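Worksheet for the structure shown next.
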Amino acid sequence: MKTLVVILIIASFLQTTILPLDLVLMILICRSYIKSEKINLYLGFGFGLLISHLDLMVLGPISIIYLILISLTQILSKSRLAGNPLLIVPVSFILLSLQTLQLSSSIFIESLLSLPMVYLIRFWDERFIVRKEIKLRV
Amino acid sequence: MDRVIPNLRVFLVLSVSSLIIFILDTFHFLVVPKQVAFYITNPISFGIYNTSQKVGRQFHFIFAARNASEENKTLKKELGQLLSENAGLRKSLAETESLLSQENHLDPKTYNLQAARPIGLGKYLKIDKGSDSNIKKGQAVVFNENLIGRIIEVSQKSSNIQLLADPDSKVASFSLARQGRAKGVLIGQFGSETLMDKILHEEQISVGDLVYSEGTEGFLPRGLILGRVSEVLKRENEVFKQAKVSPVFDIRDLELVFVIVE
Chain F
4 MKTLVVILII
14 ASFLQTTILP
24 LDLVLMILIC
34 RSYIKSEKIN
44 LYLGFGFGLL
54 ISHLDLMVLG
64 PISIIYLILI
74 SLTQILSKSR
84 LAGNPLLIVP
94 VSFILLSLQT
104 LQLSSSIFIE
114 SLLSLPMVYL
124 IRFWDERFIV
134 RKEIKLRV
Chain V
26 MDRVIPNLRV
36 FLVLSVSSLI
46 IFILDTFHFL
56 VVPKQVAFYI
66 TNPISFGIYN
76 TSQKVGRQFH
86 FIFAARNASE
96 ENKTLKKELG
106 QLLSENAGLR
116 KSLAETESLL
126 SQENHLDPKT
136 YNLQAARPIG
146 LGKYLKIDKG
156 SDSNIKKGQA
166 VVFNENLIGR
176 IIEVSQKSSN
186 IQLLADPDSK
196 VASFSLARQG
206 RAKGVLIGQF
216 GSETLMDKIL
226 HEEQISVGDL
236 VYSEGTEGFL
246 PRGLILGRVS
256 EVLKRENEVF
266 KQAKVSPVFD
276 IRDLELVFVI
286 VE
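Residue numbers (our numbering), protein chains in the order written: chain F, 4 to 141; chain V, 26 to 287.
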């Protein structure tokens, strides 16, 4: 979790200074798609505030948008089709378009980037996150 | 409902919190915490932005250097072509100027002149015109009013000119000055100078006098300039006096020479 938070902080600064991509939302959508957890909503709320602050916007609206989009992703992740990782591309495309309410080249890039990101998060989750519920019998 | 929308309670709590924060921020209740936050976030944002600018500049420099290198190559190629074209044009201009100058000095109605380019200089001056251009052995070669020599060997496409400085060259000549004139024979010497010999002691000749052709040989007109007296050699015990004559121009500077065909 700490790693994810650090990555999200770096992504927040990057997207508000040099990169014209919504990296934070992309990471949160991908994570919510893989793991439907309460923490995703907390992260969406917190980083929504941070992004608003860094972008010199009024605090609050971005957090609400992030929360709605993360909730939608979590609802979609429970559907049958969610097993297919390729579905993340159209899902992120629709959700990111909903966020800005307009189509731009960055949305296409973000949608395409979401696929490798899903694999990356899944790989990280499977290999480097210790699961408390799994215990070896001796 | 919680099964359809996962973590609905958390979602609602956080949404309401966001709404409260939004209202508070709209009415400027969060100015102080925001200012505190800016003390932390601004240096980080500036650092990232500054670094990206520096990296961007480096990449821009690399691309600019690559473009400049390609541009430089193209410009060098164009410059080479232009220099070559310029050299050709200068050569054509010099030849045209030579032709015009020659027409001013020797009347083309009187003399039928054949222009030729010098293509080699050794013992003889080689030109690019030969018997195909109606050039024959013994014809005089001039430039403006100056005699260069006479044709000594002719092939189809080129000819050799015996220069005045050739030891085998002998031309009847005279010098002209205010004090009077002196007659003699211009004999070639080894090197670029010639010697005017057989000058009587009573005849007047001094340094700086121009030496002209007598025209008694038949192959060349009278009055062509052969050179300028650079030194007079007087010896009391000899019958004749002599004078060293140096050419008035450097033969290597000529673009064109003219053969008097008729």
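Backbone N, C-alpha and C fix where the C-beta goes; we use that ideal spot for every residue, glycine too. Small disclaimer: the values here were computed from a predicted structure and weren't measured.
* Measure the alpha-carbon distance for P192 (chain V) versus I230 (chain V) and round it to whole angstroms. => 23 Å
* Amino acids of chain V, ordered along the chain, whose beta-carbon sits closer than 9 Å to that of K38 (chain F) -> Under the 9 Å cutoff, chain V gives no residues; its nearest Cβ is about 11 Å from K38 (chain F).
* Are V166 (chain V) and L211 (chain V) closer than 8 Å when you measure CB to CB? -> no
* **Interfacial residues, the stretch 57-77 of chain F to chain V, with Cβ spacing under 7 Å** => L57, V61, L62, G63, P64, S66, I67, L70, S74, Q77
* Could you say which of F:V121, F:F48, F:D25, F:L57 lies nearest to K59 (chain V) if we only look at CA atoms? => F:L57
* **DSSP three-state assignment for E136 (chain F), whether helix, strand or coil** => coil
* **Cα-Cα separation, I21 (chain F) to L118 (chain F)** => 22 Å
* Asked: Under the three-state reduction of DSSP, which class applies to D128 (chain F): helix, strand or coil?
  -> helix
* Contact between the stretch 109-119 of chain V and the stretch 157-177 of chain V: three or more CB pairs below 8 Å? -> no
* Do you know whose CA, among V:V196, V:L172, V:F199, V:I224, lies nearest I285 (chain V)'s CA? -> V:L172
* In the structure shown, what three-state DSSP assignment does F199 (chain V) receive? -> strand
* Sorted by chain position, which residues of the same chain lie with C-beta nearer than 8 Å to L89 (chain F)'s C-beta, five sequence neighbours on each side aside? -> L118
* Taking just the CA atoms, how far does F86 (chain V) sit from N97 (chain V)? -> 16 Å
* C-beta atoms of V94 (chain F) and T76 (chain F) nearer than 8 Å -> yes
* Is it the case that the Cβ atoms of L251 (chain V) and L150 (chain V) are separated by a distance below 8 Å? -> no
* To do: Compare the C-beta of Y64 (chain V) against all C-beta atoms of chain F and say whether one is closer than 8 Å.
  => no
* Quick one: which chain F residues come within Cβ less than 8 Å of V35 (chain V)? -> K41, L44, Y45
* To do: Report the three-state DSSP secondary structure of G47 (chain F) (helix, strand or coil).
  => helix
* To do: Could you name the residues of the stretch 44-71 of chain V whose beta carbon sits closer than 7 Å to any beta carbon of chain F, in the order they occur along the chain?
  => L44, I46, F47, D50, T51, L55, K59, A62, T66, I69, S70
* To do: Out of V:F244, V:G243, V:M221, state which residue places its alpha-carbon closest to the alpha-carbon of L235 (chain V).
  => V:M221
* To do: Starting from P143 (chain V), follow the beta strand (DSSP E) in both directions and report where the run begins and ends.
  => 143-146
* To do: Quick one: list the residues of chain V neighbouring I21 (chain F), beta-carbon separation under 7 Å, in chain order.
  => I73, Y74, S77
* To do: Reducing DSSP to helix, strand and coil, say where I285 (chain V) ends up.
  => strand
* Asked: Is the beta carbon of F168 (chain V) less than 8 Å from the beta carbon of V282 (chain V)?
  -> yes
* Counting only runs that start and end within the stretch 27-90 of chain V, where is the alpha helix (DSSP H) found for 4 or more residues in a row? -> 33-51
* **L11 (chain F) and L46 (chain F) closer than 8 Å at C-beta** => yes
* Can the beta-carbon of N43 (chain F) be found closer than 8 Å to that of L52 (chain F)? -> no
* 3-residue-minimum beta strand (DSSP E) runs that sit fully inside the stretch 213-270 of chain V, ordered along the chain -> 219-225, 235-238, 250-258
* What residue from V:L146, V:E228, V:G209, V:I186 has the CA that sits closest to T219 (chain V)'s CA? -> V:G209
* To do: Run down chain V in chain order and give the residues with a C-beta less than 8 Å from the C-beta of F48 (chain F).
  => L39, S42, S43
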